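A.B. asks: Sequence lines, in order, name chains G and U. The number in this note's numbering is simply the position in the first sequence, starting from 1, with 132 added. The number in this note's numbering is simply the position in the second sequence, starting from 1, with 165 added. Note that CB positions come from ideal geometry on N, CA and C, so glycine has one too. All of these numbers come straight from a predicted model, not from anything done at the bench. The structure is given below, and queries will be raised subsequently.
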Amino acid sequence: MEEKKKTWKELPEGDILEGGTSLQFKTGNWRSERPVHIPEKCIHCFICWISCPDGAVKVDEENGKFVGFDYDFCKGCGICAYECPKDAIKMVPETGEEK
Amino acid sequence: MKGTGRRVAKTANEAFAEAMRQIDPDVVAAYPITPATEIVQIFSQFVADGLVKTEFVAVESEHSAMSACIGASISGARAMTGTSSQGLALMWEMLYIAAALRLPIIMAVVNRALSAPINIHCDHSDTLGARDSGWIQIYSENVQETYDNVIQAVRIAEHPDVRLPVMVTTDGFILSHCLETIEMLTDEEVKEFIGEPPVRENLLKSLEENKPITIGALDLQDYYFEHKRQEAEAMKNALKVIPEIGKEFGEKFGRSYGFFEEYKLEDATVGIVVMGSTAGTGKDVVDELRKEGKKVGLLKIRVFRPFPFEEISKALSHLQVVGVMDRADGVNSYSGPVFPEICACLYDLEKRPKIVDFIYGLGGRDIRKEDIAGIFDGLLKIAETGKKEFNLKYIGVRE
């Protein structure tokens, strides 16, 4: 069913919204290449996590472990792969087949 | 009831600063530029002397000045600034943002020519260039009007049906640096007239813990248009609010204000349309020509945004010839910026006046009584012969 969009009379005034609306905007589909993690090379240094401009690297803070990428928001910029000191991330073309 | 204020000699810059002191805004952010520098310079002394509670932010540019005002206004604070010419030009992108976010910021603009060539003197090219930015624009003929307009601007901007920023203009040097005896309101009268800024619930939420809001978020094909439509409606609402506040001001303090002033226009056959200090000179000329039996009149635009389309149309409808005086050039091969707007509001009249444009006073070039008398003679000749031999004339330029 199509979303019922608000008219100009119904919208809140002046582009003022609740916080965090960017979570509803999945920018992952902009991606032409995706980062792929190579677990045997990873030393869990978190350089990918701190370098990611989109907060799309998921980590387990308690155990200090790399967990994975948030493909809903990863735009495929490749900074993580470039910064990784152990070449534990490779960029592969999006084929549209993976989810 | 008339105001209990006192008569004092003030320049328009001083009057702006005094009005700001009485308004006592929460935040003033400004960067100096001739001829507006004095406004915030004088005001900063008020801050230093503890006469106001204002947080004064000395920023590094006009772009930052408007940005700081936007930030302050978003938090619910009353924010003001002042500038001229290049300063206004540097604010450009922030002007549109202030208006579209519906922030009731008040700005004193001292009209000055835009570069190049570099020039510090009066024309209206700066504010007329900002005519589509979503700001309400109120022009002043003299120092008294400058002062009165700023006080009213607070009420207009903050009115819940409007919530748009307002720029109040005055003519650079001609008014900004010239002393005139004006009647100031008392501090208490100003405080009572402007009241407290209305509470905006949606903004207040931002101050509550764990209830963040987003302001000015990305707004693409599916919502941008609706938000611009809201802004357009607010400007339309200002058409209703501005004369109401002008009338209330008159009832309280003895000086009423509308969209424009008609001077001996009612029974005139020809009339000029003018903004700013030239209106004063124009009225003198009207008086002199009336003594010679010439049926001339004048319409002084006070409120240019919103543009009082129907009202101006009605006020000019009986004339045979209208002359628009543009203190800016559209550099478009046919007119200054005010001319097409006046043409537009006359177009649908069954019997419409002939209309011509006069560009004058660029870069502070003096406009003399003889110049305006010459304009009226030209209009009377068109009325007499029924023939227009020109659409645009430059007045006071060396040919």
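Using a C-beta cutoff of 8 angstroms, does K137(G) count as contacting chain U?
C.D. replies: The residue you call residue 137(G) lines up with position 5 of the first sequence. Chain U, which has a Cβ nearer than 8 angstroms to the Cβ of K137(G), makes this yes.
A.B. asks: Would you mind reading off the limits of the alpha helix (DSSP H) that contains N314(U)?
C.D. replies: As a working mapping, residue 314(U) is identified with position 149 in the second sequence. Looking at the DSSP string, the run of the alpha helix (DSSP H) that includes N314(U) is 308–323.
A.B. asks: Which residues does DSSP pair with E345(U) in a beta bridge?
C.D. replies: The residue you call residue 345(U) lines up with position 180 of the second sequence. In the DSSP output, where bridge partners are listed per residue, E345(U) has K175(U).
A.B. asks: Is it the case that the region 250–257 of chain U contacts the region 301–315 of chain U, given that we only count it when at least three CB pairs across the two stretches are under 8 angstroms?
C.D. replies: Not touching, per the Cβ criterion.
A.B. asks: When you compare only the Cα positions, how much space is there between L481(U) and L383(U)?
C.D. replies: Walking along the second sequence from the start, residue 481(U) turns up at place 316. Walking along the second sequence from the start, residue 383(U) turns up at place 218. Answer to the nearest angstrom: the Cα atoms are 44 angstroms apart.
A.B. asks: Count the other CB atoms, across all protein chains shown, that sit within 10 Å of the CB of V438(U); report buried if there are 16 or more and exposed otherwise.
C.D. replies: On the second sequence, position 273 is the one that residue 438(U) refers to. V438(U) should be labelled buried.
A.B. asks: If we count the other Cβ atoms within 10 Å of its Cβ and call it buried at 16 or more, is S442(U) buried or exposed?
C.D. replies: Indexing the second sequence from 1 puts residue 442(U) at position 277. Buried: at least 16 other Cβ atoms inside 10 Å.
A.B. asks: Using a Cβ-Cβ distance under 8 angstroms, would W162(G) count as near chain U?
C.D. replies: Sequence index remark: in the first sequence, residue 162(G) carries index 30 (1-based). It does not: the Cβ of W162(G) has no partner Cβ on chain U nearer than 8 angstroms.
A.B. asks: State yes or no: is the beta carbon of T153(G) nearer than 8 angstroms to at least one beta carbon in chain U?
C.D. replies: Here residue 153(G) is taken as the residue at index 21 of the first sequence, counted from 1. It does; some Cβ of chain U falls within 8 angstroms.
A.B. asks: Between the C-alpha atoms of V521(U) and G160(G), what's the straight-line distance to the nearest angstrom?
C.D. replies: Position 356 of the second sequence, counted from the start, is the residue given in the question as residue 521(U). Position 28 of the first sequence, counted from the start, is the residue given in the question as residue 160(G). Rounded to the nearest angstrom, the two C-alpha atoms are 58 angstroms apart.
A.B. asks: Report yes if the C-beta distance between I188(U) and I321(U) is below 8 angstroms; otherwise report no.
C.D. replies: Residue mapping note: residue 188(U) aligns to position 23 of the second sequence, counting from 1. Residue mapping note: residue 321(U) aligns to position 156 of the second sequence, counting from 1. No; because the gap between Cβ atoms is not below 8 angstroms, this pair is not in contact.
A.B. asks: Out of P144(G), K137(G), G187(G), V199(G), which one is the CA nearest neighbour of I175(G)?
C.D. replies: The residue given as residue 175(G) occupies position 43 in the first sequence. The shortest C-alpha separation from I175(G) is found at V199(G).
A.B. asks: Pull out every residue of the region 225–237 of chain U whose Cβ sits closer than 7 angstroms to any Cβ of chain G, in chain order.
C.D. replies: So the list is empty, because no residue satisfies the distance condition.
A.B. asks: For Q317(U) and F414(U), which I take to be in contact (beta-carbon distance under 8 angstroms), what is that distance rounded to the nearest angstrom?
C.D. replies: Locating residue 317(U) in the second sequence gives position 152, counting from the first residue. Locating residue 414(U) in the second sequence gives position 249, counting from the first residue. Yes, Q317(U) and F414(U) are in contact; Cβ-Cβ is about 6 angstroms, under 8 angstroms.
A.B. asks: At the 8 angstroms Cβ level, is Q395(U) part of the contact set with chain G, yes or no?
C.D. replies: For the purposes of this step, residue 395(U) is taken as the residue at position 230 of the second sequence. Interface residue, yes.
A.B. asks: Using a Cβ cut-off of 8 angstroms (strictly closer), state whether E145(G) contacts chain U.
C.D. replies: Locating residue 145(G) in the first sequence gives position 13, where the first residue counts as 1. Interface residue, yes.
A.B. asks: For D536(U), would you say it is in contact with chain G, using Cβ-to-Cβ distances shorter than 8 angstroms as the test?
C.D. replies: In the second sequence, counting from the first residue as 1, residue 536(U) sits at position 371. Judged by the 8 angstroms Cβ criterion, D536(U) is not in contact with chain G.
A.B. asks: Looking at the strands, I want to know which residues DSSP matches up with N276(U).
C.D. replies: Working through the second sequence from its first residue, we reach residue 276(U) at position 111. Its beta-bridge partners are D336(U).
A.B. asks: Which value, in whole angstroms, describes the spacing of the CA atoms of L260(U) and R172(U)?
C.D. replies: Against the second sequence, residue 260(U) aligns to sequence position 95. Against the second sequence, residue 172(U) aligns to sequence position 7. Going by the C-alpha atoms only, they are around 35 angstroms apart.
A.B. asks: Could you name the residues that DSSP lists as bridge partners for R166(G)?
C.D. replies: Taking the first residue of the first sequence as 1, we reach residue 166(G) at position 34. V224(G), per the DSSP bridge assignment.
A.B. asks: If you run the structure through DSSP and keep just helix, strand and coil, what is D192(G)?
C.D. replies: Within the first sequence, the letter at position 60 stands for residue 192(G). Strand, per DSSP.
A.B. asks: Counting only beta-carbon separations shorter than 8 angstroms, does E348(U) have a partner in chain G?
C.D. replies: Residue mapping note: residue 348(U) aligns to position 183 of the second sequence, counting from 1. By this cut-off, E348(U) is not an interface position.
A.B. asks: Measure the Cβ-Cβ separation of Y428(U) and L463(U) and say whether it is below 8 angstroms.
C.D. replies: On the second sequence, residue 428(U) is found 263 positions in, with the first residue counted as 1. On the second sequence, residue 463(U) is found 298 positions in, with the first residue counted as 1. Yes, they are a contact pair.
A.B. asks: Could you give the DSSP three-state label for I303(U): helix, strand or coil?
C.D. replies: Here residue 303(U) is taken as the residue at index 138 of the second sequence, counted from 1. DSSP places I303(U) in strand when its eight states are reduced to three.
A.B. asks: From the beta carbon of W181(G), is the nearest beta carbon of chain U less than 8 angstroms away?
C.D. replies: For the purposes of this step, residue 181(G) is taken as residue 49 along the first sequence, with counting starting at 1. Output row for W181(G): interface = no.
A.B. asks: So, do the region 210–221 of chain U and the region 298–309 of chain U have three or more beta carbon pairs nearer to each other than 8 angstroms?
C.D. replies: Output reads no: the region 298–309 of chain U does not touch the region 210–221 of chain U.
A.B. asks: So who's on the other strand from L557(U), going by DSSP bridges?
C.D. replies: Locating residue 557(U) in the second sequence gives position 392, where the first residue counts as 1. L557(U) is bridged to D522(U).
A.B. asks: Keeping to the same chain, check which residues put their C-beta closer than 7 angstroms to that of S478(U); ignore five residues upstream and five downstream.
C.D. replies: Locating residue 478(U) in the second sequence gives position 313, counting from the first residue. For S478(U), where only same-chain residues beyond five positions count, the Cβ hits under 7 angstroms are C510, L511, L514.
A.B. asks: Quick one: does E427(U) have its CB under 8 angstroms from some CB of chain G?
C.D. replies: One-based indexing of the second sequence puts residue 427(U) at position 262. Chain G contact via Cβ: absent.
A.B. asks: At 3 residues or longer, what runs of the beta strand (DSSP E) sit wholly inside the region 445–495 of chain U?
C.D. replies: DSSP runs (the beta strand (DSSP E)) wholly in the region 445–495 of chain U: 461–466, 468–470, 486–491.
A.B. asks: Beta strand (DSSP E) containing F201(G): first to last residue?
C.D. replies: Start at 1 with the first residue of the first sequence, and residue 201(G) comes out as number 69. Run containing F201(G): 197–201, per the beta strand (DSSP E) assignment.
A.B. asks: Spatial neighbours of K516(U) within its chain, please: CB distance less than 6 angstroms, with the 5 preceding and 5 following residues excluded, ordered by chain position.
C.D. replies: For the purposes of this step, residue 516(U) is taken as residue 351 along the second sequence, with counting starting at 1. There are no such residues.
A.B. asks: Hey, quick one: how far does the beta strand (DSSP E) through M245(U) stretch, first residue to last?
C.D. replies: Position 80 of the second sequence, counted from the first residue, corresponds to residue 245(U). Where M245(U) is concerned, the enclosing beta strand (DSSP E) stretches over 244–248.
A.B. asks: Is it a yes or a no for the region 387–401 of chain U touching the region 331–350 of chain U, going by three-plus beta-carbon pairs under 8 angstroms?
C.D. replies: No: the two stretches stay apart, fewer than three of their Cβ pairs being nearer than 8 angstroms.
A.B. asks: Please confirm if H392(U) has its CB atom under 8 angstroms from at least one CB of chain G.
C.D. replies: By 1-based counting over the second sequence, the position of residue 392(U) is 227. H392(U) counts as touching chain G.
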